[in-house]
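See below for the structure under consideration.
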Amino acid sequence: MSRSVVALVGRTNVGKSTLLNRILGKRYAVVDDKPNVTRDRLIVPVSWGGRELTVVDTGGWGLDAASELDLKVRHQAEVAIAQADVIMLVVSASDGVIASDAEAVSLVRGAGKPCVLVVNKVDHESHEARVSEFYRLGIDTVTAVSALHNRGIDELMDEVVAKLPPAEPEVVYPAGSIRVAIVGRPNAGKSTLLNALLGDERAIVDAMPGTTRDPLDA
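Rendered as structure tokens:
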């Protein structure tokens, strides 16, 4: 079966990368309390409920809407949304509904794709009452999880799989494919080279050193 694409989007610091790591059952994406740790799209294969998925983690936007880097991070999220079959829009129960969440909902709704609103950071049963306010964002499917404490992950993924289109036959590529790593010091132009080879803005390019934080598969 071909892989369906699931985009993981939302504003900064709602726990998208922690959620991705929990879905994978291992540490893959870099997680830090500091905002904007994830910037490029992280594309990883996941098997769930008999379906083969490609989950795309994206950076959070909204920290500084006027900054060039924030605009680039948002663009990466928009690309992921455009390519997705299903969208997981992540929000934070501990913060409640804020303006950036409503902005994210507008972006997702404009794509016309099936969506699951993931209310993360419901770390204890006593926090479940906080979920109700997120229904006013207008997303039909709302699921409460705690990525940190592994609560509600199975139910979330079951909801996602239920929204997927029927599987198509998988494209089989020749055996013996070669993997190539692009390495070098900061600001040597690795991301620019990767984008040129792919013919796609796969990695964010910025003059600030250390823009790429996670290893990228392409």
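First residue of the sequence shown: 0, per numbering that gives the first Met the number 0; consecutive thereafter. Virtual Cβ for every residue (Gly too), placed ideally from N, Cα, C.
Pick from the options that is closest to residue i, judged by C-alpha positions
i, options, result
"Met156", "Leu23, Ser131, Thr11 and Thr57", "Leu23"
"Ala6", "Arg21, Leu68 and Leu52", "Leu52"
"Ile138", "Ala101, Glu127, Asp199 and Ser145", "Ala101"
"Glu124", "Gln75, Ile97, Leu136 and Ser145", "Ser145"
"Ala98", "Trp60, Ala81 and Thr191", "Trp60"
"Arg73", "Lys120, Arg21, Val107 and Asn186", "Val107"
"Gly95", "Leu68, Ala128 and Ser105", "Ala128"
First through last residue of the alpha helix (DSSP H) which encompasses residue i
i, result
"Ser16", "Lys15 to Leu23"
"Leu147", "It is not in any alpha helix (DSSP H) - Leu147 carries neither H nor E in the DSSP assignment."
"Ser3", "Element bounds for Ser3: not the alpha helix (DSSP H) but the beta strand (DSSP E), Ser3 to Val8."
Nonlocal neighbours in the same chain, by C-beta distance under 8 Å from residue i, ignoring five residues either side
i, result
"Thr142", "Val115, Leu116, Val117, Val118, Gly151, Glu154, Leu155 and Glu158"
"Pro164", "Ser3 and Asp84"
"Ala220", "What the structure shows of the chain is the stretch from 0 to 217, and residue 220 is not part of that stretch, so it cannot be assessed."
"Leu19", "Leu7, Tyr27, Ala28, Leu41, Val43, Val54 and Asp56"
"Arg135", "Val96"
C-beta atoms of residue i and residue j nearer than 8 Å
i, j, result
"Ala103", "Gly9", "yes"
"Ala79", "Val43", "no"
"Ser66", "Glu167", "no"
Same chain, Cβ closer than 6 Å to residue i, neighbours up to 5 away in sequence not counted
i, result
"Pro113", "Val85 and Lys162"
"Thr57", "Val8, Arg40, Gln75, Ala76 and Ala79"
Cutoff 7 Å; reference residue i; Cβ partners in own chain excluding five residues on either side
i, result
"Val160", "Trp47, Gly48 and Arg50"
"Asp122", "Ser145, Leu147 and His148"
Start and end residues, beta strand (DSSP E) containing residue i
i, result
"Asp56", "Arg50 to Asp56"
"Val118", "Cys114 to Asn119"
"Ile42", "Leu41 to Trp47"
"Ile97", "Per DSSP, Ile97 belongs to no beta strand (DSSP E) and is neither H nor E."
"Ala86", "This sequence places Ile at residue 86; Ala is not what is there. That run of the beta strand (DSSP E) goes Val85 to Ser91."
Original post:
With contact counted as at least three CB pairs below 8 Å, one residue from each stretch, are the region 84 to 93 and the region 4 to 20 in contact?
Top reply: Using a C-beta cut-off of 8 Å, the region 84 to 93 makes contact with the region 4 to 20, since at least three inter-stretch Cβ pairs fall below that distance.
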